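Okay, structure first, notes after.
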Amino acid sequence: MHCPVLRVAPEFPGPKNGGPGLARLRAAGEVVELDHLDLCLGCRTCDTVCPSGIRPAELVNAPKVARVSRRGLPLREWVLTHTYLFGPLAVRMPGLVNGVLANGPIRWTMEKVLHIDRHKPMPKYANHSFREWFRRRRSPWQDRPAPNGRVVYFHGCSVQYMEPHIGRHVVEVLEHNGFEVVLPSQKCCGLPLIANGDLKSAAGNGRYNVQHLREWAAQGVPIVVSSTSCSLTLKHDYPGLLGLDGAGAVAEQVYDLFEFLMACHEQGLLRTDFRPIRERLPYHQPCHQRAQAIGLPAVELLNLIPGVEAWNLDAGCCGSAGTYGFKEEKYGVSMRVGQAMADALRATGASRAVSDCETCRWQIEYQAGMQAVHPVSVLWEAYGLGDRKGT
């Protein structure tokens, strides 16, 4: 059984019945509503394994899309999908915002009013945005051409407001390997909106991003993305599901970060001047990374570091699925889906895990109780880039 939800929630009709099966009945004019269809967590596993090349995940999501187009996005879903609007204020007063979001009575009230589960910790905002850090720094290639040219960095919302250190690590690893990093204006990739059925708003964000990325794509400049969910959206949803003009040309230049670094390694462009790190590192493969069919480049590259033993945990979906695990009625399903992963991680005896997806890392820390880092942070450590002054 491939579907992680069907494995733990038998009331879910599953991607076959809820996707192509339901679509055929509706095409024949039958009015059919399936209960519990919203339990789909959007992992895209069904898309990956479907032998006919059908995208069941889009079909399963279609009733939600139709409902939102008729009634609009419910308040809870609006709040969960527009964190990028709150981010600029939150990074100005992170102590207050993080304190409020961790306060027991407030979380109880949020659960009663918004049905946002009180048990799931909210991600913490940083005390500055990533782009603030980027603006005030000095690039090593500021006064001379970078030997390997330019790359565009699409950083996404979590790096911008919650994990700017990951953005720093991405930039400094790329610069260490001879690339000048360019940061065009960008909005949320739109995946949370897609997952919650608001394709209209997602398309608006997508058009903005395509507009600001297309000039770089036309020049053949690689567009590197550090969140696997964002890279999947730019590669597949913009030209496919959303059908955005110019998105195909942009998608051809989009690389997941470690997909790009592996290509550099294969071309002899990746520096391997790594310091030894004596550590076993279980890697949790995000579902949206698997859906891109790019192999396991993070595991391969981490194993180039002397002393590192990295391997794919291969214990299934983490269950978080972006906004999904924060919803009161889905929290239990989310935790049951992620239990196998959490058990497998604890059994490794490792001190930390690695994963490319922000919500996977948050779920690992919450459910498995161990530190989770982006694999680029391990490369950054191995390159000794934390020793540099003034960055």
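The C-terminal position of the sequence shown is numbered 813 in the numbering used here, with every residue numbered one higher than the one before it. Here a beta-carbon is modelled for each residue, glycine too, at the ideal position from N, C-alpha and C. Please read these numbers as outputs of a predicted model, since none were measured by experiment.
Inter-residue spacing [alpha-carbon to alpha-carbon] between residue i and residue j
i, j, result
"G754", "Y805", "41 Å"
"G612", "Q641", "25 Å"
"S777", "V798", "9 Å"
"E722", "M684", "8 Å"
"F434", "R712", "23 Å"
"P608", "I727", "In the sequence as presented, Pro is not what sits at residue 608; that position holds Gln. Q608 and I727: Cα-Cα distance of roughly 33 Å."
"F556", "R572", "16 Å"
"G475", "E533", "39 Å"
"G771", "G791", "12 Å"
"H577", "P606", "10 Å"
"F680", "V574", "14 Å"
Residue from the options with nearest C-alpha to residue i
i, options, result
"V501", "Y547, G771 and K749", "K749"
"V427", "S773, S742, D765 and Q789", "S742"
"L511", "A524, N549, M532 and R492", "N549"
"L801", "T655, V595 and Y660", "V595"
"L767", "C462, S756, E787 and K752", "E787"
"G526", "M515, P516 and P543", "P543"
Outcome for residue i when other beta-carbon atoms lying within 10 angstroms are tallied against a minimum of 16
i, result
"V453", "Legend: pLDDT at V453 = 49, less than 50; position of this residue unreliable, no value from coordinates given."
"D539", "buried"
"R529", "buried"
"F696", "buried"
"D620", "buried"
"H658", "buried"
"V676", "buried"
"D736", "exposed"
"H541", "exposed"
"R590", "buried"
Cut-off 8 Å between Cβ atoms - residues of its own chain near residue i, not counting five sequence neighbours on either side
i, result
"P545", "S580, M584, E780 and W784"
"C782", "H706, P708, C740, S742 and A794"
Distance CB(residue i)-CB(residue j) smaller than 7 Å
i, j, result
"P562", "G600", "no"
"G729", "P698", "yes"
"V647", "D678", "yes"
"E803", "L663", "no"
"R758", "V430", "yes"
"S551", "V604", "no"
Beta-carbon proximity list for residue i, same chain, < 6 Å, skipping 5 on both sides
i, result
"H424", "T467 and V471"
"G760", "C740, G741, Q785 and Q789"
Cβ-heavy atom distance, residue i to the ligand GDP, below 6 Å
i, result
"Q582", "This structure lacks the ligand GDP; in fact it carries no ligand of any kind."
Residues near residue i in its chain [Cβ-Cβ closer than 7 Å; skip 5 each side]
i, result
"V522", "I528"
"R692", "A quick correction: the sequence has Leu, not Arg, at residue 692. Here the set comprises N599, L683 and C686."
"E499", "N618"
"C610", "Y506, C579 and N627"
"Q564", "none"
"G738", "P426, A762 and M763"
Any chain C beta carbon closer than 7 Å to residue i
i, result
"P562", "In summary, chain C is missing from the structure at hand, where a single protein chain is found."
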